[in-house]
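Please read the structure below before turning to the comments.
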């Protein structure tokens, strides 16, 4: 049988249940009566879906937990309501694709992870959607130097200077023949 628990400190309140001295089942956190978080516990550990809210009530994060660790899809939003990041976790570590977004909804970064380490292609983008940087990783280590690009697509040299337009045009022309 679960016993209710209700802890209040200043304006914050935690409401949940204890079973055999461990948190069990649904729980929530409120501030001044407004919800801030809703989550599930199993045997004293976070387990299942969790929703975090900004103080105004808008979603801040949708998360999944398994045995106290982030596990599954996760989404994060700004206070204005724009999706900021999508990621996937396995046993508490990033695993799979992670996508960060600009406030306009365009992709800022795409990266692949395995067990918390970058593994595969990482790409960063300019606010206009053009590729800004690309680099391959294996088990957290870069497989070579990053390739960087200007917001019009021209490659950048080691000093960050864009390739002259005529040269870039010529190289592209040669590649199509």
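In my numbering, the protein residues as written are 7 to 183.
By construction, the Cβ of each residue, glycine as well, lies at the ideal position given by its N, Cα and C atoms.
Predicted, not measured: the structure shown is a model, and the values here were computed from it.
Alpha carbon to alpha carbon, how far is residue j from residue i? Give it in angstroms, no decimals.
i, j, result
"residue 12", "residue 158", "57 Å"
"residue 163", "residue 106", "26 Å"
"residue 6", "residue 118", "Because the chain in this structure spans residues 7 to 183, residue 6 falls outside the shown range and cannot be described."
"residue 170", "residue 179", "14 Å"
"residue 47", "residue 96", "18 Å"
"residue 7", "residue 66", "33 Å"
"residue 69", "residue 20", "19 Å"
"residue 145", "residue 83", "29 Å"
"residue 85", "residue 181", "46 Å"
Could you give the C-beta distance for residue i and residue j, rounded to a whole number, given that I count them as a contact under 8 Å?
i, j, result
"residue 58", "residue 40", "Not quite, the Cβ-Cβ distance comes to about 13 Å (not below 8 Å), so this is no contact."
"residue 112", "residue 133", "7 Å"
"residue 137", "residue 143", "No, residue 137 and residue 143 are not in contact; Cβ-Cβ is about 17 Å, not under 8 Å."
"residue 45", "residue 56", "4 Å"
Drop a sphere of 10 angstroms on the beta-carbon of residue i, count the other beta-carbons inside from all chains shown, and report buried for 16 or more, exposed for fewer.
i, result
"residue 173", "exposed"
"residue 100", "buried"
"residue 90", "buried"
"residue 176", "exposed"
"residue 93", "buried"
"residue 127", "exposed"
"residue 124", "buried"
"residue 22", "buried"
"residue 80", "buried"
For residue i, which of the options has the nearest alpha-carbon?
i, options, result
"residue 155", "129, 49 and 124", "129"
"residue 214", "50, 91 and 64", "Because the chain is modelled from 7 through 183, residue 214 falls outside the range shown and cannot be assessed."
"residue 30", "10, 142 and 18", "10"
"residue 139", "161, 149 and 123", "161"
"residue 168", "153, 181 and 179", "153"
"residue 87", "96, 143, 131 and 64", "64"
"residue 33", "15, 66 and 54", "54"
"residue 135", "109, 96 and 123", "109"
"residue 61", "35, 52, 70 and 47", "35"
"residue 73", "52, 85, 84 and 83", "52"
"residue 121", "26, 78 and 166", "78"
Next item on the list: Quick one: which unbroken alpha helix (DSSP H) runs of 4-plus residues sit fully inside the stretch 122 to 176? Chain order, please.
Entry: You should have found no qualifying run.
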